[in-house]
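Student:
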Amino acid sequence: GVPLVRLLGGTALRVPTDVTLAAGDAVDLATAAGRRRAEGFTVLKLKVGTDAHGDLDRVRSVRAAVGPDVRIRLDANQGWTPREAVRVIRGIEDAGLDVELVEQPVHRRDLDGLAWVSDRVDLPILADESVFDVRDLVEVIRRRAADMVNVKLAKCGGLQPARTLLDLAAAHGMGTIVGSMMEGPVGVGAAASLVAAHGTTAVSDLDAAWWLAWSPVTGGLRYEGATVLLPDAPGLGIADVSEAKVQRHG
608 GVPLVRLLGG
618 TALRVPTDVT
628 LAAGDAVDLA
638 TAAGRRRAEG
648 FTVLKLKVGT
658 DAHGDLDRVR
668 SVRAAVGPDV
678 RIRLDANQGW
688 TPREAVRVIR
698 GIEDAGLDVE
708 LVEQPVHRRD
718 LDGLAWVSDR
728 VDLPILADES
738 VFDVRDLVEV
748 IRRRAADMVN
758 VKLAKCGGLQ
768 PARTLLDLAA
778 AHGMGTIVGS
788 MMEGPVGVGA
798 AASLVAAHGT
808 TAVSDLDAAW
818 WLAWSPVTGG
828 LRYEGATVLL
838 PDAPGLGIAD
848 VSEAKVQRHG
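In this text, residue positions in the sequence shown follow the numbering used here: the first is 608, and each later residue adds one.
1. With three or more C-beta pairs closer than 8 Å as the rule, is the region 784-793 touching the region 737-744?
2. Looking at the strands, I want to know which residues DSSP matches up with Leu651.
3. Jot down the residue ranges of each uninterrupted alpha helix (DSSP H) in the region 678-709, minimum 4 residues, whole runs only, in chain order.
4. Roughly how many angstroms separate the alpha carbons of Ala671 and Asp814, rounded to a whole number?
5. Determine the burial state of Arg621: buried for a count of at least 16 other Cβ atoms within 10 Å of its Cβ, exposed for fewer.
6. What are the complete alpha helix (DSSP H) segments, minimum 4 residues, inside the region 744-782?
7. Helix, strand or coil: which one does DSSP assign to Gly827?
8. In the DSSP assignment, find the unbroken beta strand (DSSP E) run with Asp717 in it and report its ends.
9. My assumption, with CB atoms under 8 Å, is that Val693 sits in contact with Leu681. Please give the rounded CB distance.
10. For the alpha helix (DSSP H) holding Val673, just list the boundary residues, first then last.
11. In whole angstroms, give me the CA-to-CA distance for Ala637 and Ala804.
12. State the beta-bridge partners of Pro610 as determined by DSSP.
13. Can you find the residues in the same chain that come closer than 6 Å, C-beta to C-beta, to Gly832, ignoring five residues on each side of it along the sequence?
14. Ordered along the chain, which non-local residues of its own chain (more than five positions away) have a Cβ less than 8 Å from that of Ser811?
15. What do you get for Met586, buried or exposed, if any count of 16 or more other CB atoms within 10 angstroms of its CB means buried?
16. From the DSSP secondary-structure annotation, give me the bridge partner or partners of Thr834.
17. Going by Cα to Cα distance, which pick from Arg750, Gln767 and Gly806 is closest to Ala619?
18. For the beta strand (DSSP E) containing Ala734, name the first residue and the last one.
19. Classify Asp726: buried if its beta carbon has 16 or more other beta carbons within 10 angstroms, exposed otherwise.
20. With a CB to CB cut of under 6 Å and the five nearest residues on each side skipped, what residues in its chain are close to Arg678?
21. On a CA-only basis, which of Asp847, Ala840 and Val848 is nearest Val576? Give me that one, please.
22. Would DSSP call Ser822 helix, strand or coil?
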């Protein structure tokens with residue numbers, strides 16, 4: 608009979624989120640970045656890793672489009688080799704583009720490569736696909752392979768495993784965010800409730816439900832600019848599931 612965030616020990620019903628810029632050329636990314644800024648987002652996650660030679664220009668274009676007051680973080684989605692990652696990241700550092708962090712620069716199983724990159728750049732490295740469970744995170748910590756970790760409920764198996772990962776990361780001085788897959792208001796609502804109750808060291812990645820053209824449920828979270836608004840209602844605030852919507856769009 609209580610909101611999930613309160614069950615988890617929190618009281619806040621507002622959680623900030625970043626928003627993703629899909630991979631594209633420099634011009635398209637700059638245009639999209641300007642739109643997202645106008646919509647109120649102040650943390651942009653830029654997808655890179657598809658073309659190491661052009662990634663620096665993409666980041667430079669987005670920075671020029673949004674100015675100095677918007678945070679930019681990069682997600683390479685395992686797309687670079689370790690050498691490419693170091694070359695691109697050092698280029699970004701040398702250009703003074705004020706990037707916040709770089710997510711999963713190399714293949715998830717290449718922890719030696721991830722550690723090699725982390726040791727050779729100044730920007731924080733965020734592990735995502737490399738960490739599904741506690742065993743994975745312990746290995747990342749042991750190798751000093753990353754500075755931060757992205758915890759996702761759909762990866763680790765739910766709220767309790769996610770809290771364990773967040774606590775373990777914090778105990779070893781790692782930064783944290785909570786992310787989402789391409790989920791709707793149910794999955795993102797649970798992740799946002801965890802963030803509201805537990806906290807993270809950086810703005811979390813909770814924009815997945817913002818992209819939906821329609822929702823199969825009535826109630827649940829809402830978005831107000833770059834803020835996730837959690838309902839002050841039992842559970843996740845889901846009032847109804849629309850079978851008609853599911854059948855129409857399914």
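Glycine included, C-beta positions come from ideal geometry on N, C-alpha and C.
Fair warning: this is a prediction, and the values are worked out from it, not measured in the lab.
Tutor: According to the structure shown:
1. no
2. Reading the sequence shown from its first residue, position 44 is the one you call residue 651. Bridge partners of Leu651: Val626 and Ile679.
3. 689-701
4. As a position in the sequence shown, residue 671 is number 64, starting the count at 1. As a position in the sequence shown, residue 814 is number 207, starting the count at 1. Near 23 Å, if we compare the C-alpha coordinates of Asp814 and Ala671.
5. The residue you call residue 621 lines up with position 14 of the sequence shown. Counting Cβ neighbours within 10 Å, Arg621 comes out exposed, since fewer than 16 surround it.
6. Runs found: 760-763 and 766-778.
7. Stepping through the sequence shown from its first residue, residue 827 is reached at position 220. Here Gly827 sits in coil by DSSP.
8. As a working note, residue 717 is residue 110 in the sequence shown. No beta strand (DSSP E) contains Asp717, which DSSP labels as neither H nor E.
9. The residue you call residue 693 lines up with position 86 of the sequence shown. The residue you call residue 681 lines up with position 74 of the sequence shown. Not confirmed; about 14 Å, so no contact.
10. Counting from one through the sequence shown, the residue named residue 673 turns up at place 66. That run of the alpha helix (DSSP H) goes Ala659 to Val673.
11. By 1-based counting over the sequence shown, the position of residue 637 is 30. By 1-based counting over the sequence shown, the position of residue 804 is 197. Each residue's alpha carbon lies about 35 Å from the other.
12. Your numbering for residue 610 matches position 3 in the sequence shown. Bridge partners of Pro610: Gly842.
13. As a working note, residue 832 is residue 225 in the sequence shown. Gly647, listed in sequence order.
14. The sequence position of residue 811 within the sequence shown is 204, counting from 1. Excluding sequence neighbours, Ser811 sits near Val622, Pro623, Thr624, Asp625, Ile784, Val785, Gly786, Ala798, Ala799 and Val802.
15. Shown here, the chain extends from 608 to 857; a query on residue 586 therefore has no answer.
16. Position 227 of the sequence shown, counting from 1, holds the residue named residue 834. According to DSSP, which records beta bridges pairwise, Thr834 is partnered with Pro623 and Glu831.
17. One-based indexing of the sequence shown puts residue 619 at position 12. Comparing alpha-carbon positions, the option among Arg750, Gln767 and Gly806 lying closest to Ala619 turns out to be Gly806.
18. Locating residue 734 in the sequence shown gives position 127, counting from the first residue. Counting along the chain, the beta strand (DSSP E) containing Ala734 begins and ends at Ile732 to Ala734.
19. The count along the sequence shown starts at 1 and reaches residue 726 at position 119. Counting Cβ neighbours within 10 Å, Asp726 comes out exposed, since fewer than 16 surround it.
20. Along the sequence shown, read from residue 1 onward, the residue named residue 678 stands at position 71. Correct list, in chain order: Val650 and Glu707.
21. No statement about residue 576 is possible, as the shown extent of the chain runs from 608 to 857 and does not include it.
22. Counted from its first residue, the sequence shown places residue 822 at position 215. Ser822 falls in the coil class under three-state DSSP.
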